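Down below is the structure, laid out as structure tokens.
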Amino acid sequence: MTRPFTWIETDAAADCKTGFFVRDDLAASLVEIYRTVRARGGLLTSSGGTRTLTAEIHAARSPVSLHYLGRAIDLCIQSGMHGASDPYAVIEEPNDDDPERPWWRVLARGADDSGLSLTAPMNQVWRSGEGGVTLPRDEAFFDLTALFAEHGWTRIPARPGWRTNYLCTEWWHFECHQGLTPGESRFGEQLDALFAADAIDASPLAVSRDRVWNGRYFAPD
91 MTRPFTWIET DAAADCKTGF FVRDDLAASL VEIYRTVRAR GGLLTSSGGT
141 RTLTAEIHAA RSPVSLHYLG RAIDLCIQSG MHGASDPYAV IEEPNDDDPE
191 RPWWRVLARG ADDSGLSLTA PMNQVWRSGE GGVTLPRDEA FFDLTALFAE
241 HGWTRIPARP GWRTNYLCTE WWHFECHQGL TPGESRFGEQ LDALFAADAI
291 DASPLAVSRD RVWNGRYFAP D
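First residue of the sequence shown: 91, per this note's numbering; consecutive thereafter.
See below:
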């Protein structure tokens with residue numbers, strides 16, 4: 091690797107990780123997000139950040155994911171859409187571009203005495219074949235999706251098949267597009283800045299080198 095990665099420690103959650111590895115130039119924004127979350131009495135959980143070049147690619151993993159570039163993180167995938175004790179409430183929002191792939195708004199549970207006013211009457215839990223099922227929660231929450239956005243980290247919509255494959259919901263995913271130029275930035279060039287050429291060439295990502303950033307993802311040229 092030619093660019094160092096930084097480890098950001100997070101809160102422990104069952105069967106999940108205790109932090110994220112991200113590009114060092116993006117780490118400060120995540121540290122600030124974490125500080126704000128803790129100051130409001132919330133938790134920041136993790137299922138990981140930077141992904142290895144040899145990680146398995148499947149329906150829930152894009153071969154041009156920003157995880158490979160140290161530009162994406164996942165909250166613990168078990169910490170929302172599971173039940174009333176989750177640290178996060180997950181709200182479905184419409185996607186006008188693709189109604190079958192909704193957006194998600196993540197609310198973090200805060201301290202009872204924090205003065206937070208958000209509740210989650212439309213909190214969703216996932217059920218196979220149905221997708222999101224409403225489980226109202228009358229607790230104090232704050233908007234974690236908005237907090238990430240304030241620091242340059244954006245959400246993504248659900249993937250096709252999310253109603254039958256939980257890993258395709260993607261409610262937990264946030265990514266940073268800072269420094270990517272639509273029509274110019276290529277996936278291969280981004281990989282080259284992070285990893286040795288022989289490691290890239292030996293990985294399943296090599297065939298996607300020429301894909302170009304279109305403002306949302308790396309698309310075929």
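Cβ coordinates follow ideal geometry from the N, Cα and C atoms, glycine included. Just so it is clear, the structure is predicted and the values come from calculations on it, not from any experiment.
Suppose contacts are defined by Cβ-Cβ distances below 9 Å. Is Leu-165 in contact with Phe-285 by that definition?
Cβ atoms of Leu-165 and Phe-285: not closer than 9 Å.
Through-space distance from His-267 to Thr-209, alpha-carbon basis:
Near 30 Å, if we compare the C-alpha coordinates of His-267 and Thr-209.
So, at 7 Å on beta carbons, what are the nonlocal neighbours of Met-91 in its own chain, with the 5 sequence-adjacent residues on each side left out?
Any reading at Met-91 is ruled out, since the residue's pLDDT is 46, under 50, leaving its predicted position unreliable.
Can you tell me whether Asp-187 is buried or exposed? The criterion is at least 16 other CB atoms within 10 Å of its CB, across all chains shown.
Exposed, because fewer than 16 other Cβ atoms sit within 10 Å of the Cβ of Asp-187.
On the premise that Ser-136 lies in contact with Phe-110, defined as a C-beta separation below 8 Å, what is that separation, rounded to the nearest angstrom?
In this structure Phe-110 is in contact with Ser-136, their Cβ atoms being roughly 5 Å apart against a cut-off of 8 Å.
Under three-state DSSP, which class holds Ser-298?
Three-state DSSP puts Ser-298 in a helix.
Is it the case that the region 273-284 contacts the region 293-301, given that we only count it when at least three CB pairs across the two stretches are under 8 Å?
Taking 8 Å as the limit for Cβ pairs, the verdict is that the region 273-284 does touch the region 293-301.
Taking C-beta to C-beta, are Gly-170 and Tyr-158 nearer than 9 Å?
Taking 9 Å as the cut-off, the beta carbon of Gly-170 is found no closer than this to the beta carbon of Tyr-158.
Is the distance from the Cβ of Ile-98 to the Cβ of Leu-120 below 9 Å?
Yes, the pair counts as a contact, with Cβ atoms nearer than the cut-off.
For Tyr-158, report the span of its alpha helix (DSSP H) as first-last.
It is not in any alpha helix (DSSP H) - Tyr-158 carries neither H nor E in the DSSP assignment.
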